[in-house]
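Number of protein chains: 2
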Amino acid sequence: MRDPFNAFCPHSTARLEGAKSGPLVGLTFAAKDLFDIAGHVTGGGNPDWLALHPPATKTAPVVQKLVDAGAAMVGKTNTDELSRGIFGENAHYGTPINPKAPGRVPGGSSSGSAAAVAGELVDFALGTDTGGSVRVPASFCGIYGIRPTHGRLAFEAVIPQAPSFDTIGWLARTPHLLARVATILLGISMDDAPRPRRVIVAEDAFAIAEPATRAALAPAIDGLTKLIGRSEARELSSTPLAEWLRHQSALQGREAWTTFGEWIDTHNPRFGFEVADNFLRGTRADDAALNTASEFRAEARRQLALLLDPETVICLPTTPFPAPLAGQPRSVMWQRRVPVITLTCIAGMTGTPQLSVPAGDVDGLPVGLSLLARRGADDMLLALALTAYSELGIGDRSSGANIS
Amino acid sequence: MRDPFNAFCPHSTARLEGAKSGPLVGLTFAAKDLFDIAGHVTGGGNPDWLALHPPATKTAPVVQKLVDAGAAMVGKTNTDELSRGIFGENAHYGTPINPKAPGRVPGGSSSGSAAAVAGELVDFALGTDTGGSVRVPASFCGIYGIRPTHGRLAFEAVIPQAPSFDTIGWLARTPHLLARVATILLGISMDDAPRPRRVIVAEDAFAIAEPATRAALAPAIDGLTKLIGRSEARELSSTPLAEWLRHQSALQGREAWTTFGEWIDTHNPRFGFEVADNFLRGTRADDAALNTASEFRAEARRQLALLLDPETVICLPTTPFPAPLAGQPRSVMWQRRVPVITLTCIAGMTGTPQLSVPAGDVDGLPVGLSLLARRGADDMLLALALTAYSELGIGDRSSGANIS
Numbered sequence: 001m002r003d004p005f006n007a008f009c010p011h012s013t014a015r016l017e018g019a020k021s022g023p024l025v026g027l028t029f030a031a032k033d034l035f036d037i038a039g040h041v042t043g044g045g046n047p048d049w050l051a052l053h054p055p056a057t058k059t060a061p062v063v064q065k066l067v068d069a070g071a072a073m074v075g076k077t078n079t080d081e082l083s084r085g086i087f088g089e090n091a092h093y094g095t096p097i098n099p100k101a102p103g104r105v106p107g108g109s110s111s112g113s114a115a116a117v118a119g120e121l122v123d124f125a126l127g128t129d130t131g132g133s134v135r136v137p138a139s140f141c142g143i144y145g146i147r148p149t150h151g152r153l154a155f156e157a158v159i160p161q162a163p164s165f166d167t168i169g170w171l172a173r174t175p176h177l178l179a180r181v182a183t184i185l186l187g188i189s190m191d192d193a194p195r196p197r198r199v200i201v202a203e204d205a206f207a208i209a210e211p212a213t214r215a216a217l218a219p220a221i222d223g224l225t226k227l228i229g230r231s232e233a234r235e236l237s238s239t240p241l242a243e244w245l246r247h248q249s250a251l252q253g254r255e256a257w258t259t260f261g262e263w264i265d266t267h268n269p270r271f272g273f274e275v276a277d278n279f280l281r282g283t284r285a286d287d288a289a290l291n292t293a294s295e296f297r298a299e300a301r302r303q304l305a306l307l308l309d310p311e312t313v314i315c316l317p318t319t320p321f322p323a324p325l326a327g328q329p330r331s332v333m334w335q336r337r338v339p340v341i342t343l344t345c346i347a348g349m350t351g352t353p354q355l356s357v358p359a360g361d362v363d364g365l366p367v368g369l370s371l372l373a374r375r376g377a378d379d380m381l382l383a384l385a386l387t388a389y390s391e392l393g394i395g396d397r398s399s400g401a402n403i404s
Numbered sequence: 001m002r003d004p005f006n007a008f009c010p011h012s013t014a015r016l017e018g019a020k021s022g023p024l025v026g027l028t029f030a031a032k033d034l035f036d037i038a039g040h041v042t043g044g045g046n047p048d049w050l051a052l053h054p055p056a057t058k059t060a061p062v063v064q065k066l067v068d069a070g071a072a073m074v075g076k077t078n079t080d081e082l083s084r085g086i087f088g089e090n091a092h093y094g095t096p097i098n099p100k101a102p103g104r105v106p107g108g109s110s111s112g113s114a115a116a117v118a119g120e121l122v123d124f125a126l127g128t129d130t131g132g133s134v135r136v137p138a139s140f141c142g143i144y145g146i147r148p149t150h151g152r153l154a155f156e157a158v159i160p161q162a163p164s165f166d167t168i169g170w171l172a173r174t175p176h177l178l179a180r181v182a183t184i185l186l187g188i189s190m191d192d193a194p195r196p197r198r199v200i201v202a203e204d205a206f207a208i209a210e211p212a213t214r215a216a217l218a219p220a221i222d223g224l225t226k227l228i229g230r231s232e233a234r235e236l237s238s239t240p241l242a243e244w245l246r247h248q249s250a251l252q253g254r255e256a257w258t259t260f261g262e263w264i265d266t267h268n269p270r271f272g273f274e275v276a277d278n279f280l281r282g283t284r285a286d287d288a289a290l291n292t293a294s295e296f297r298a299e300a301r302r303q304l305a306l307l308l309d310p311e312t313v314i315c316l317p318t319t320p321f322p323a324p325l326a327g328q329p330r331s332v333m334w335q336r337r338v339p340v341i342t343l344t345c346i347a348g349m350t351g352t353p354q355l356s357v358p359a360g361d362v363d364g365l366p367v368g369l370s371l372l373a374r375r376g377a378d379d380m381l382l383a384l385a386l387t388a389y390s391e392l393g394i395g396d397r398s399s400g401a402n403i404s
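So the protein lines, in turn, are chains D and L.
Using our numbering, you'd call the opening residue of the first sequence number 1 and step up by one each time.
Using our numbering, you'd call the opening residue of the second sequence number 1 and step up by one each time.
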């Protein structure tokens with residue numbers, strides 16, 4: 001397959017034909033190289049992981065479901081190493097090219113999946129989202145992406161990172177296809193989805209976005225407000241989001257080290273410097289900090305649940321700015337990283353579903369507007385995205401292909 | 001060239017013929033891949049360093065001196081990445097094999113140089129020693145190694161690490177050849193070298209060695225005592241050596257980051273995990289800790305200078321134990337690493353010359369005894385090693401080849 005965006009793993013020959021009949025017949029998809037395909041080694045974006053693991057013995061259930069529904073899996077996509085990254089830069093395999101923002105990072109860690117979708121190499125793609133890894137590349141690449149309710153889809157036969165955050169998600173160019181995949185994977189129908197009656201514009205989240213991004217998303221927010229009828233601008237939390245991030249980082253870092261630490265210790269694998277730095281930062285929080293973070297998370301969930309009645313959606317910027325330039329120094333990217341994951345940690349810490357809509361652009365660079373609802377309300381988010389698209393044209397900046 | 005010990009860099013074709021006449025005609029040597037050879041890229045043990053640097057424009061003066069003296073440079077040798085390691089393990093190019101201790105690490109970072117000498121692939125080899133990188137592989141591989149007085153040889157056209165510690169050194173199977181190289185590089189003669197009249201057996205250093213290593217080195221110490229005439233067992237420092245190490249680590253870590261930090265930040269290179277960990281640990285000491293460490297170093301130099309009159313040598317174990325098994329987890333090697341560099345930091349912090357003699361073995365595994373003298377007394381150490389060899393047979397466990 002032609003791959004002008006370095007979206008696909010050079011080493012993987014994993015392909016699966018779709019079933020002859022089913023609701024997804026005729027569609028193609030790619031899977032991030034964290035998903036197991038029986039008979040193939042799952043590489044996880046790191047050549048030492050690839051070299052030191054045997055072929056998978058079973059195919060990830062989500063991949064199998066899609067194939068059984070008729071979609072063809074046409075390749076594995078590049079990812080940040082062991083899903084530890086938010087910008088899509090990979091020191092071993094190179095950074096996938098952002099088809100919608102040349103010279104800019106695609107976002108990660110589901111970088112190849114987003115590039116393959118945005119570049120129209122596939123109809124949709126599977127990713128994973130632990131700290132923003134579907135939502136961020138969706139925003140940067142100008143496509144749709146959903147992180148469903150945490151725990152709703154089993155994270156099975158997929159390389160884990162931090163289980164209390166790990167979530168399977170997917171990316172597409174239209175809300176229609178995003179919803180069709182949801183129908184297969186979550187077993188939901190958007191026909192009988194509840195309709196929100198209140199939109200909360202998250203002031204503390206928008207405060208983190210750059211002014212140009214806020215301005216770019218304003219028309220879509222106005223449209224949503226008209227569609228839903230009632231809008232409230234307010235802060236989501238009395239605690240600064242920077243503190244949310246601190247707790248998320250402690251929890252995610254510890255879990256990631258629990259997942260990978262022994263393997264790293266045993267094999268001394270090669271990582272891009274920043275990935276090693278990330279892992280090492282993750283080991284710094286002590287048990288007391290971990291306990292505090294756990295308690296904070298439980299309370300944050302309670303507080304957000306109070307806000308999120310069944311008829312409420314929150315809207316927030318998916319990312320605080322469009323895709324940064326690729327190839328910048330680590331120190332620059334680290335500064336860019338902090339506000340990005342401050343926004344994504346809201347759904348991460350609360351396990352709520354979040355859907356990113358390609359709702360605006362800043363000087364031609366895409367930025368996403370996110371919809372967030374209470375746990376389990378994935379259908380409401382998808383139905384809202386469909387309505388916003390068809391009635392208001394929100395998100396209708398994608399290629400137009402596969403509106404089906 | 002046949003390379004059963006993975007001593008040589010797979011990527012380097014750098015070779016230099018020796019001059020037709022000169023005191024080293026007929027001898028071959030290798031140079032750690034930190035030394036520049038004009039027209040060739042110096043790789044530094046890291047493939048991203050190799051890929052991102054142009055060929056050297058001049059040959060390192062020490063290499064040139066040896067070639068001008070008639071020795072042939074037959075290859076570049078493997079090293080720990082950017083000389084950041086003490087055991088010789090390299091995640092990219094593999095760990096050189098210890099010819100004298102199969103299944104064990106060769107020691108590093110001058111790992112390939114030591115393996116090439118111990119495995120009789122060359123007559124001698126150049127290495128560098130910042131925190132022990134010549135002395136440790138000399139001990140583990142059962143050969144001679146010298147770290148001359150810091151600053152005596154310019155560290156020129158060599159990849160630096162931590163300039164206030166960086167020292168060019170060399171390895172050989174006999175004290176004779178070690179001395180012949182010294183004659184060329186340092187311009188000294190052992191004929192008129194002073195003869196020590198007192199040996200200090202460093203109790204605080206021997207306390208760090210394992211009992212079996214102490215026992216293995218005891219006969220050589222007895223021999224030296226007889227040879228020199230006067231022996232004193234005493235502590236080198238009223239400050240625990242663990243504290244010396246803490247200060248050395250702060251200073252070396254900061255200097256190494258000053259040397260490499262911008263390059264790392266710009267290029268996000270791939271490192272074995274432990275190398276990245278090493279660099280990151282090196283950035284932790286704050287300015288106050290650095291100041292304290294500098295002051296400690298100045299005072300440690302003063303104190304040791306008082307002890308080291310022109311007729312005194314110190315003897316200490318080069319390493320606290322023989323070469324550890326290769327391929328052990330990082331956490332195990334980290335524990336092994338600490339006592340090793342606690343011993344080597346004595347010369348490191350004081351800039352004194354140290355010569356390691358292959359003076360014993362533990363269950364067939366070599367361990368070195370080190371001689372240390374005041375700054376500038378390189379000739380006294382070399383002359384003493386020659387006398388100990390010829391009169392007492394100390395160090396005469398090497399192959400016997402090239403006693404010339």
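For every residue, glycine included, the Cβ atom is placed at its ideal position computed from N, Cα and C.
Just so it is clear, the structure is predicted and the values come from calculations on it, not from any experiment.
Pairwise C-alpha distance: residue j and residue i
| i | j | result |
| --- | --- | --- |
| Glu274 (chain L) | Asp48 (chain L) | 16 Å |
| Arg197 (chain D) | Gly187 (chain D) | 24 Å |
| Ser136 (chain D) | Ala19 (chain D) | Strictly speaking, residue 136 (chain D) in this sequence is Val, with Ser absent from that position. So the two alpha carbons sit approximately 31 Å from each other. |
| Thr239 (chain D) | Thr342 (chain D) | 12 Å |
| Cys315 (chain D) | Ala154 (chain D) | 26 Å |
| Leu369 (chain D) | Ile264 (chain L) | 35 Å |
| Met380 (chain L) | Gly364 (chain L) | 30 Å |
| Ala323 (chain L) | Leu236 (chain L) | 25 Å |
| Ser399 (chain D) | Met190 (chain D) | Any reading at Ser399 (chain D) must be qualified, since the residue scores a pLDDT of 40, below 50, and its modelled position is unreliable; no value is offered. |
| Val63 (chain D) | Phe260 (chain L) | 44 Å |
| Thr318 (chain L) | Leu50 (chain D) | 39 Å |
| Arg281 (chain L) | Gln161 (chain L) | 15 Å |
| Thr77 (chain L) | Thr292 (chain L) | 37 Å |
| Thr42 (chain D) | Val122 (chain D) | 20 Å |
| Pro163 (chain D) | Arg234 (chain D) | 31 Å |
| Asp36 (chain D) | Val367 (chain L) | 48 Å |
Per DSSP, the bridge partner or partners of residue i
| i | result |
| --- | --- |
| Pro320 (chain D) | DSSP output for Pro320 (chain D) lists no bridge partner at all. |
| Cys315 (chain L) | L:Val201, L:Leu371 |
| Phe29 (chain D) | D:Met73, D:Phe124 |
| Pro137 (chain L) | Partner(s): none; Pro137 (chain L) has no beta bridge. |
| Ile168 (chain L) | L:Thr128 |
| Gln354 (chain D) | D:Arg147, D:Leu372 |
| Val362 (chain D) | D:Leu365 |
| Arg270 (chain L) | D:Gly272 |
Residue i Cβ short of 7 Å to the ligand MN heavy atom set
| i | result |
| --- | --- |
| Val67 (chain D) | The ligand MN is absent from the structure shown, which contains no ligand whatsoever. |
Member of the options whose CA lies at the smallest distance from the CA of residue i
| i | options | result |
| --- | --- | --- |
| Gly103 (chain D) | D:Cys141, D:Gly132, D:Pro163 | D:Cys141 |
| Pro269 (chain D) | D:Arg2, D:Gly39, D:Gly44 | D:Gly44 |
| Ala207 (chain L) | L:Thr128, L:Pro219, L:Phe321, L:Gly94 | L:Phe321 |
| Trp257 (chain D) | D:Leu82, D:Thr149, D:Asn6 | D:Leu82 |
| Arg2 (chain D) | D:Leu34, D:Ala101, D:Glu120, D:Thr42 | D:Glu120 |
| Gly169 (chain L) | L:Leu382, L:Glu89, L:Leu386 | L:Leu382 |
| Gly229 (chain L) | L:Gly360, L:Glu311, L:Ser12, L:Lys65 | L:Glu311 |
| Ser294 (chain D) | D:Leu372, D:Trp244, D:Asn98 | D:Trp244 |
| Ile346 (chain L) | L:Pro175, L:Ile37, L:Arg84, L:Ala202 | L:Ala202 |
(request) Taking only beta carbons into account, state which residues of the stretch 260 to 275 of chain D come closer than 7 Å to chain L, listed in chain order. (result) Across the stretch 260 to 275 of chain D, CB contacts with chain L closer than 7 Å involve Ile264, Asp265, Thr266, Asn268, Pro269, Arg270, Phe271, Gly272, Phe273, Glu274, in sequence order along the chain.
(request) State whether the stretch 144 to 154 of chain L contacts the stretch 338 to 354 of chain L, with contact taken as three or more CB pairs (one from each stretch) at a distance under 8 Å. (result) Yes: the two stretches touch, three or more of their Cβ pairs being nearer than 8 Å.
(request) Report yes or no: do three or more beta-carbon pairs, one from the stretch 301 to 317 of chain L and one from the stretch 342 to 352 of chain L, lie closer than 8 Å? (result) Contact holds between the stretch 301 to 317 of chain L and the stretch 342 to 352 of chain L, because three or more Cβ pairs, one in each stretch, are under 8 Å apart.
(message) At a CB distance below 7 Å, what residues from the stretch 279 to 292 of chain D approach chain L? Give them in sequence order.
(response) The stretch 279 to 292 of chain D vs chain L, Cβ under 7 Å: Leu280.
(request) Evaluate contact between the stretch 327 to 338 of chain L and the stretch 106 to 114 of chain L, counting only Cβ atoms and requiring at least three cross-stretch pairs below 8 Å. (result) The stretch 327 to 338 of chain L vs the stretch 106 to 114 of chain L: no contact.
(request) Decide yes or no for the touch test of the stretch 11 to 26 of chain D against the stretch 51 to 69 of chain D: beta carbon pairs closer than 8 Å, at least 3 of them. (result) Touching, yes.
(request) Count the C-beta pairs between the stretch 24 to 35 of chain L and the stretch 123 to 131 of chain L that are closer than 8 Å, then say yes if the count reaches three, no if not. (result) Counting Cβ pairs under 8 Å, three or more are found: they touch.
(message) For the structure I just gave you, are there three or more beta carbon pairs, one from the stretch 214 to 229 of chain L and one from the stretch 388 to 398 of chain L, closer than 8 Å?
(response) These segments touch.
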